[in-house]
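Here the structure is laid out as structure tokens; the discussion comes afterwards.
Structure below.
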């Protein structure tokens, strides 16, 4: 089975992280996730995450670091998800004409209040640790 590499933008801004809701009519519809998508052959995973962030919600970010890399097997596919920590640079959130139905800025520890696909759920402990480091580094 082919492994699909997915770049996920974990966007940090003022102590919160951006999550988006998938449309109901797609695979894993209605669940929350980090903005992201398939890496194209000519791009790094960091470039992929930033491109997907802009395509999906209209925001421009700068990649800071790879937070985590996990492999998750679904019955019909295997995904390698790479969470890329990003800083917000510019743009205005716009879910209305993008690939998501809703977006929210949440505090990292509030992730349990949202339902995520299993693969995204596996990333949250890494994301929370990264966010805690960001908070400690903020004066």
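Numbering (my numbering), first residue to last: -14 to 124. Every residue, glycine too, gets a C-beta built ideally from N, C-alpha and C. For clarity, every value in this text was computed on a predicted model and none was experimentally measured.
Backbone CA spacing between residue i and residue j [nearest angstrom]
i	j	result
residue 36	residue 84	13 angstroms
residue 65	residue 22	11 angstroms
residue 111	residue 46	20 angstroms
residue 8	residue 29	27 angstroms
residue 43	residue 97	26 angstroms
residue -10	residue 103	16 angstroms
residue 32	residue 38	10 angstroms
residue 48	residue 73	9 angstroms
residue 115	residue 75	22 angstroms
residue 117	residue 25	31 angstroms
residue -13	residue 63	7 angstroms
residue 125	residue 71	As displayed, the chain neither begins before -14 nor continues past 124, which places residue 125 out of reach and without an answer.
residue 93	residue -5	11 angstroms
residue 41	residue 122	29 angstroms
residue 20	residue 113	17 angstroms
residue 95	residue 119	16 angstroms
Per-residue DSSP class, three states only, for residue i
i	result
residue 6	strand
residue 95	helix
residue 111	helix
residue 23	strand
residue 84	coil
residue 11	coil
residue -1	coil
residue 73	strand
Distance CB(residue i)-CB(residue j) smaller than 9 angstroms
i	j	result
residue -7	residue 68	yes
residue 1	residue 17	no
residue 107	residue 52	no
residue 100	residue 14	no
Residue range of the alpha helix (DSSP H) that includes residue i
i	result
residue 38	30 to 42
Open item on the list: Any contact between the region 48 to 59 and the region 87 to 101? By contact I mean 3 or more CB pairs, one from each, below 8 angstroms.
Closed with: no
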